[in-house]
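K.L.:
Residue numbers (my numbering): 1009 to 1233.
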């Protein structure tokens, strides 16, 4: 991430502040605003190198513990590119030994302990504006950070092959589903009553027919006799 402060003038010197601590950024921006600097903010070491090449700032104030590319290596890449920018490191007290080494290695004009105050900067300001030291660490930059690892990509992790799964056993046959039992539907009472009445009428009709037929046969026999 990179952005410019509200102080912007073609005549104002530029300071590139490289830090990912928001409180530290706010403090540094205010300190350098009072000194008439236009500030550019960057929170990533790798991006900071690109911003340095693009902006060619008068001063770089860089934290040592920043993401992607630490401040020491980012400073060496800036010095390798060239330019007359002064580099000032900032670091917490726990990294004081690293800050001393990085200041010498990258040819920085000095370093300050976080949190930065106006008084701290005033105390070494003449040193900041003084001659730019040599950067002996440039001779060892390939060993410190090989070129093919400047922007490391995720390593391809070879996963072990999956073991063969055991074969599935034959599934048991599906049990036969019993046929549903047929249910005898009992006729309702009104239907049963109608059925009995119909049967009675059939018998009556049959009886009447037989009766009348018997009379006819009887008359026929009597006539023959």
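For each residue, glycine too, the CB sits at the ideal point set by N, CA and C.
How big is the Cα-Cα spacing for residue 1127 and residue 1146?
P.N.:
As a working note, residue 1127 is residue 119 in the chain shown. As a working note, residue 1146 is residue 138 in the chain shown. The alpha-carbon atoms of residue 1127 and residue 1146 are separated by roughly 32 Å.
K.L.:
Considering only the beta carbon of each residue, do residue 1096 and residue 1116 sit closer than 8 Å?
P.N.:
Position 88 of the chain shown, counted from the start, is the residue given in the question as residue 1096. Position 108 of the chain shown, counted from the start, is the residue given in the question as residue 1116. Their beta carbons are under 8 Å apart, which means residue 1096 touches residue 1116 by this criterion.
K.L.:
Under 8 Å, with one C-beta from each stretch per pair, do the stretch 1033-1050 and the stretch 1078-1090 reach the 3-pair mark?
P.N.:
The stretch 1033-1050 vs the stretch 1078-1090: no contact.
K.L.:
With the cut-off set at 8 Å, would you say residue 1118 and residue 1078 are in Cβ contact?
P.N.:
Translated into the one-based positions of the chain shown, residue 1118 becomes position 110. Translated into the one-based positions of the chain shown, residue 1078 becomes position 70. No; because the gap between Cβ atoms is not below 8 Å, this pair is not in contact.
K.L.:
Enumerate in chain order the residues of its own chain whose CB-to-CB distance from residue 1107 is below 7 Å, with the five nearest sequence positions on each side excluded.
P.N.:
In the chain shown, counting from the first residue as 1, residue 1107 sits at position 99. Excluding sequence neighbours, residue 1107 sits near 1072, 1097, 1099, 1119.
K.L.:
Keeping to the same chain, check which residues put their C-beta closer than 6 Å to that of residue 1045; ignore five residues upstream and five downstream.
P.N.:
On the chain shown, residue 1045 is found 37 positions in, with the first residue counted as 1. Excluding sequence neighbours, residue 1045 sits near 1021, 1023.
K.L.:
Specify the secondary structure class of residue 1120 as computed by DSSP and reduced to three states.
P.N.:
On the chain shown, residue 1120 is found 112 positions in, with the first residue counted as 1. Reduced to three states, the DSSP call for residue 1120 is strand.
K.L.:
At the level of alpha carbons, what is the spacing between residue 1109 and residue 1065?
P.N.:
To locate residue 1109, count along the chain shown from 1; it is residue 101. To locate residue 1065, count along the chain shown from 1; it is residue 57. Distance between the alpha carbons of residue 1109 and residue 1065 is about 23 Å.
K.L.:
Just to confirm the assignment, what range does the beta strand (DSSP E) spanning residue 1103 have?
P.N.:
As a first step, residue 1103 must be located in the chain shown, where it is residue number 95. Per DSSP, residue 1103 belongs to no beta strand (DSSP E) and is neither H nor E.
K.L.:
I need the boundaries of the beta strand (DSSP E) containing residue 1067, first residue and last residue.
P.N.:
Working through the chain shown from its first residue, we reach residue 1067 at position 59. Note, residue 1067: beta strand (DSSP E), 1067-1071.
K.L.:
Just reading off the beta strand (DSSP E) that residue 1024 is part of, what are its end residues?
P.N.:
One-based indexing of the chain shown puts residue 1024 at position 16. From DSSP, the beta strand (DSSP E) with residue 1024 extends over 1022-1026.
K.L.:
In three-state DSSP terms, what is residue 1172?
P.N.:
Along the chain shown, one-based indexing puts residue 1172 at 164. Coil.
K.L.:
Once the 5 residues before and after residue 1143 are set aside, which same chain residues still bring their CB inside 6 Å of it?
P.N.:
Sequence index remark: in the chain shown, residue 1143 carries index 135 (1-based). The residues are 1087, 1114, 1115.
K.L.:
Just to confirm my understanding: we take residue 1103, look at its own chain, exclude 5 residues before and 5 after, and list those with CB closer than 8 Å. What are they?
P.N.:
By 1-based counting over the chain shown, the position of residue 1103 is 95. The answer, listed in chain order, is 1072, 1073.
K.L.:
DSSP puts residue 1094 in a beta bridge; with which residues?
P.N.:
Residue numbering aside, residue 1094 sits at position 86 when the chain shown is read from its first letter. Paired residue(s): 1067.
K.L.:
DSSP three-state call for residue 1157: helix, strand or coil?
P.N.:
Locating residue 1157 in the chain shown gives position 149, counting from the first residue. Its pLDDT being 41, under 50, residue 1157 is placed unreliably by the model, and the measurement read from it follows with that caveat. DSSP places residue 1157 in helix when its eight states are reduced to three.
K.L.:
First and last residue of the beta strand (DSSP E) that includes residue 995?
P.N.:
It is not possible to answer for residue 995, since the shown part of the chain is limited to 1009 through 1233.
K.L.:
Please report the residue range of the beta strand (DSSP E) in which residue 1048 lies.
P.N.:
The sequence position of residue 1048 within the chain shown is 40, counting from 1. Element bounds for residue 1048: 1046-1050.
K.L.:
For residue 1093 versus residue 1067, is the C-beta distance shorter than 8 Å?
P.N.:
Position 85 of the chain shown, counted from the start, is the residue given in the question as residue 1093. Position 59 of the chain shown, counted from the start, is the residue given in the question as residue 1067. The answer is yes: Cβ separation under 8 Å.
K.L.:
Out of 1061, 1076, 1139, point me to the one whose CA is closest to residue 1091's CA.
P.N.:
Start at 1 with the first residue of the chain shown, and residue 1091 comes out as number 83. The shortest C-alpha separation from residue 1091 is found at 1061.
K.L.:
Would residue 1025 pass as a contact of residue 1059 if the rule is Cβ separation under 8 Å?
P.N.:
Position 17 of the chain shown holds residue 1025. Position 51 of the chain shown holds residue 1059. The answer is no: Cβ separation not under 8 Å.
K.L.:
Grab the span of the alpha helix (DSSP H) containing residue 1079 for me, first residue to last.
P.N.:
For this step, residue 1079 is matched to residue 71 along the chain shown. Counting along the chain, the alpha helix (DSSP H) containing residue 1079 begins and ends at 1079-1089.
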